Amino acid sequence: MDFSGLWIPLVTPFRGGDVDTAALARLVRHFAALGVAGFVPNGSTGEAAMLDDDEHRQVLASTVDAADGLPVIAGLAGVRPERVAERAQRLADAVPIAAFLLTAPAYVRPSQAGIAHYFETVASASPRPIVAYDIPARTGVRIEARTLLALADHPNIAAVKDCSGDRAAAEALLADGRLALLAGNDDELFDQLARGAVGGITASAHLRTADFVALRRHVAAGRLPDARALWRSLLPLVRAAFTEPN
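So for the sequence shown, our numbering puts the first residue at 1002; every next one is plus one.
Put into structure tokens, the structure is as follows:
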């Protein structure tokens, strides 16, 4: 699977206490027309922890239907790896998703050996590739670079969404080259792309989407002065978008 490009981690619109699938479909079609690589529903931007299983399925189905062939990476989280693997299988059977974005177990703060076991268990059972999501601000634990490099040996672990803020770890992954690196912290998007990340999963790109898509394309084509100027115009928006946690 090609993870290159600018991905939208979708918000989850609600109306009257229910998922607003019509609004979600309009959002997806709007972003698709602006050149995004694909979509990531049911992640932290979509406040997936607030959704029940039926709402998760509604969001995924609506997103895939409206994406019209663009790939969809489904957010996935949990604590017991066997149950997370079972959920991945159910979701993949129900909806034609391309991959899963999987966080480390939140709150329990396992050791690195425990994290490796967790990811290997889920990846071995998952019918779709896994993108490891390193977001210690939400999970309370890092997926350290040495763990990610070990997980790169697994044939079903394909990429990393990096929200660690650890430049040395990102550089180690890029130098190794087996896992595709996706920028996860919006304020690091330009730096990560310039260092060699294949793309980004970028919440701020709900706004000025075409400019975020162009930023990634400028960097990929080596047009760094154009990319730098565009990034400086986007940075105030990025900072404003994260004034509140979600």
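Ideal Cβ placement from N, Cα and C applies to all residues, glycine included. Nothing here was measured: the structure is a model prediction, and the numbers come from that model.
query, result
"Backbone CA spacing between L1011 and L1236 [nearest angstrom]", "20 Å"
"Cutoff 8 Å; reference R1016; Cβ partners in own chain excluding five residues on either side", "A1024"
"Unbroken stretches of the beta strand (DSSP E), 3 residues or longer, contained in the region 1105-1187", "1131-1135, 1158-1163, 1181-1184"
"Buried or exposed (CB count within 10 angstroms, at least 16 for buried), S1165", "buried"
"Per-residue burial, E1189 [other beta carbons within 10 Å of its own, 16 or more giving buried]", "buried"
"CA nearest to the CA of V1132, picked from G1039, D1053, L1238, L1077", "L1077"
"Endpoints, beta strand (DSSP E) assigned at A1033", "Element bounds for A1033: not the beta strand (DSSP E) but the alpha helix (DSSP H), 1022-1033."
"Same chain, Cβ closer than 7 Å to V1020, neighbours up to 5 away in sequence not counted", "T1013, E1056, Q1059, V1060"
"Whether L1180 touches A1159 by CB criterion (9 Å)", "yes"
"Backbone secondary structure at R1016 - three-state DSSP", "strand"
"Close-in-space but distant-in-sequence residues of the same chain around R983 (CB under 8 Å, 5 per side omitted)", "Nothing in the structure corresponds to residue 983, since the chain is present only between 1002 and 1247."
"Reduced DSSP category for L1077 - H, G, I as helix; E, B as strand; rest coil", "strand"
"At least 3 beta-carbon pairs within less than 8 Å: the region 1024-1041 vs the region 1205-1218", "yes"
"Under 9 Å between C-beta atoms of L1231 and H1219", "yes"
"The region 1103-1117 in contact with the region 1135-1154 per 3-pair CB rule at 8 Å", "yes"
"Proximity to D1192 [Cα-Cα], best of H1207, A1169, D1177, G1178", "A1169"
"Host beta strand (DSSP E) of L1236 (start-end)", "Here L1236 belongs to no beta strand (DSSP E); instead the alpha helix (DSSP H) covers 1225-1242."
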